[in-house]
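Here is the structure we will look at.
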Amino acid sequence: MPPIYAAIALAFGVRFVRSRRRRRHRRSDDRVVLFGAGRAGTLLLRSMLTDPDWRCRPVGLLDDDPGKHRRRLHGVPILGGRDDIGTVLRRTHAGTLIFAVANAGADLVRDVRERTVAAGAEFKVVPSVTELLDHPVAVDDIRDVQVADLLGRHQIDTGLDGVAGFLTGRRVLVTGAGGSIGSELCRQIHRFHPAELIMLDRDESALQATQLSIDARAGIDDPSIVLADLRDAAHLRQIFHSRRPEVVFHAAALKHLALLQRFPGEAFKTNVLGTLNMLAAAEGVQRFVNISTDKAADPTSVLGYSKRVTERLTAWTAGRHPGTFLSVRFGNVLGSRGSVFTTFTAQIADGGPVTVTHPDVTRYFMTVQEAVHLVVQAAAIGRDGEALVLDMGEPVRIAEVARQMVELRPHPVDIRYTGLRPGEKLTETLFGAGEVDTRPFHPLISHVEVPALSAADVARYDPDGAPENTAAGLAELCALPSLTGAGG
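Numbering (our numbering), first residue to last: 14 to 501.
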């Protein structure tokens, strides 16, 4: 070989070897280990091996089932269990562990995460199996761990697709469409192709954000969005007369417990009178679903009183109109506006302290998807005048929420206890005194009877009086015997 060709070949060979080394080094940075060789892990692995958008390479799996060890899944070896996390990550030079176990307990998530971080690797999680079944898991689906994962809150699938057909081809109105529950309701309802989806809110920015989340091309003049206030009874009547909704989901409400304790008149005007305006305008609708809260069960706060009154007014209307009028009761929604999660996130970002009212305070939590599934289930299976309550599992200690969120941050943040606020309970209940938990149609959904309360009863109270009198009036309305003002 002439010297010039030998030199070219040598230079090319050196460049080729360096390139291979660089590519090999890059690939080592993109190596991942999957924890979980069950259904979720199999779906994830299959997607990683077949989707060209995946830039990482699965180099091993881990699973706590010894029967799966030393086997292969789609050609990838199962190298051990959680006790082997550190060893396997070091041996495979993987920089990331992806947690892929369906309905994993909080203890398992925390343990695997702690072992992964201790080994110097990143910890990621996959969506729920239900989400994975909807579409092949994509790169963007892999996310950082969230506090809900560490608390062990598992989304309950209430079989929405099987019951939501009643929305197809119907005119559907959602109030509070700019809020956490209302916006998710709109997105889910849109999937079932209603003849018309009418989104109502008094917050124009939030309303447009919901609209754009459904149709990014929609304009502000689109008839699907309606700017209106629940306190304006005449405007509500006009909307119902012109748009003629057949199904109504009433999610609009004031919900901040501490603020409503200070301003009970606002709770009375929006939550009570606003709901009464909606019920009066809704004469002739096929189904009306009032969104309530677990704070309406044996209420002790202005928020709880006002929502209990709306349950009772809805039950009263059920006896007067031909359609189905009912309420849905559930607990706190993970990540909703004003929730402890958003408050704690802001406090942590500010360096702390994170404020918790009491070390033993507990609350029920659910995801916004669960809440919406329950609401749609209620519209399908709920009976006139009753309230539906979802089995929400075990309550969660708020102090534990704070601790887990703090531990997700690299720097220490203090937790400070401030004491229970007026009207706040140490523990929430889902059922009030005398309410019986019956589940005739769904194992996770309870049906409770609600005593009716008439508009005439409500009319006796003045929302513009002294705050302490208004709060006392709301409490009295909750305690009134059924239908003291019947016919009013």
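Even glycine gets a Cβ: it sits at the ideal position worked out from N, Cα and C.
Per DSSP, the bridge partner or partners of residue i
{"i": "Y430", "result": "V369"}
{"i": "S340", "result": "N303 and A400"}
{"i": "H248", "result": "None; H248 has no bridge partner."}
{"i": "M379", "result": "V346"}
{"i": "T109", "result": "V45 and E135"}
{"i": "V89", "result": "L86"}
{"i": "E209", "result": "R184"}
{"i": "R70", "result": "R44"}
{"i": "R156", "result": "V138"}
{"i": "L75", "result": "F48"}
{"i": "D235", "result": "DSSP, once it has assigned bridges, lists no residue as partnering D235."}
{"i": "D214", "result": "L240"}
Beta-carbon spacing of residue i, residue j below 9 Å
{"i": "A391", "j": "V341", "result": "yes"}
{"i": "P99", "j": "L74", "result": "For the record, residue 99 in the displayed sequence is Gly; it is not Pro. Not closer than 9 Å, so no."}
{"i": "L270", "j": "L243", "result": "no"}
{"i": "L273", "j": "S314", "result": "yes"}
{"i": "S305", "j": "F343", "result": "yes"}
{"i": "G189", "j": "A208", "result": "no"}
{"i": "G192", "j": "A117", "result": "no"}
{"i": "R410", "j": "V367", "result": "no"}
{"i": "D97", "j": "R68", "result": "no"}
{"i": "V461", "j": "E399", "result": "yes"}
{"i": "A134", "j": "G108", "result": "yes"}
{"i": "L56", "j": "P71", "result": "no"}
{"i": "F8", "j": "T323", "result": "One cannot answer for residue 8 here, as it falls past the ends of the chain, which runs 14 to 501."}
{"i": "A446", "j": "D311", "result": "yes"}
{"i": "K320", "j": "A328", "result": "no"}
{"i": "G195", "j": "M212", "result": "yes"}
{"i": "D111", "j": "K81", "result": "Looking at the sequence itself, residue 111 is Ile, so the reference to Asp does not match. No, these two residues do not count as a Cβ contact at 9 Å."}
{"i": "E259", "j": "V187", "result": "no"}
{"i": "G486", "j": "D477", "result": "no"}
{"i": "V353", "j": "A415", "result": "yes"}
{"i": "V374", "j": "E437", "result": "yes"}
{"i": "H371", "j": "L433", "result": "yes"}
{"i": "A113", "j": "V139", "result": "yes"}
{"i": "D470", "j": "S459", "result": "no"}
Host beta strand (DSSP E) of residue i (start-end)
{"i": "F136", "result": "E135 to V138"}
{"i": "V122", "result": "No beta strand (DSSP E) contains V122, which is instead part of the alpha helix (DSSP H) from A119 to A131."}
{"i": "L240", "result": "I238 to L240"}
{"i": "I458", "result": "I458 to V461"}
{"i": "T188", "result": "R184 to T188"}
{"i": "V261", "result": "V260 to H263"}
{"i": "P453", "result": "T451 to H455"}
{"i": "G406", "result": "Element bounds for G406: n/a, residue is neither H nor E."}
Continuous alpha helix (DSSP H) stretch holding residue i: start and end
{"i": "M61", "result": "R52 to T63"}
{"i": "F2", "result": "With the chain running from 14 to 501 in the structure shown, residue 2 is simply not present."}
{"i": "T223", "result": "E217 to I227"}
{"i": "V471", "result": "A468 to A472"}
{"i": "T440", "result": "Run containing T440: none; DSSP gives neither H nor E here."}
{"i": "E420", "result": "I411 to E420"}
{"i": "H203", "result": "S193 to H203"}
{"i": "P480", "result": "P480 to A492"}
Among the options, the one whose alpha carbon lies nearest that of residue i
{"i": "A131", "options": "R333, L102 and L186", "result": "L102"}
{"i": "A465", "options": "T330, A359 and H82", "result": "T330"}
{"i": "V176", "options": "I155, E197 and Q201", "result": "Q201"}
{"i": "H254", "options": "A231, A241 and A295", "result": "A295"}
{"i": "L86", "options": "L62, T105 and A484", "result": "L62"}
{"i": "E448", "options": "V402, R473, T440 and L92", "result": "V402"}
{"i": "E441", "options": "V426, P456, P408 and I458", "result": "P408"}
{"i": "G365", "options": "V426, G51 and G88", "result": "V426"}
{"i": "G332", "options": "G297, D307, R350 and I361", "result": "G297"}
{"i": "G51", "options": "P236, D77 and D66", "result": "D77"}
{"i": "D214", "options": "R275, T283 and R204", "result": "T283"}
{"i": "G395", "options": "F179, V122 and A119", "result": "F179"}
{"i": "D404", "options": "F378, L240 and E420", "result": "F378"}
{"i": "D345", "options": "Q360, R473 and V385", "result": "A small correction: the amino acid at residue 345 is Asn; Asp does not occupy that position in the sequence shown. Here the closest residue by C-alpha is V385."}
{"i": "A488", "options": "R325, T358, R434 and L439", "result": "R325"}
{"i": "F262", "options": "L387, F357 and R95", "result": "L387"}
{"i": "A359", "options": "L339, S495, R422 and R123", "result": "R422"}
{"i": "P335", "options": "M418, R126 and A293", "result": "A293"}
Any C-beta of chain C under 9 Å from that of residue i
{"i": "C69", "result": "This model lacks chain C altogether, as it is built from one protein chain only."}
Near the ligand ADP: residue i beta-carbon under 8 Å from a heavy atom
{"i": "I211", "result": "What this structure holds is no ligand at all, so the ligand ADP is not there to describe."}
With a floor of 3 residues, list each beta strand (DSSP E) that falls wholly inside the region 266-324, ordered by position along the chain. Runs found: 300-304.
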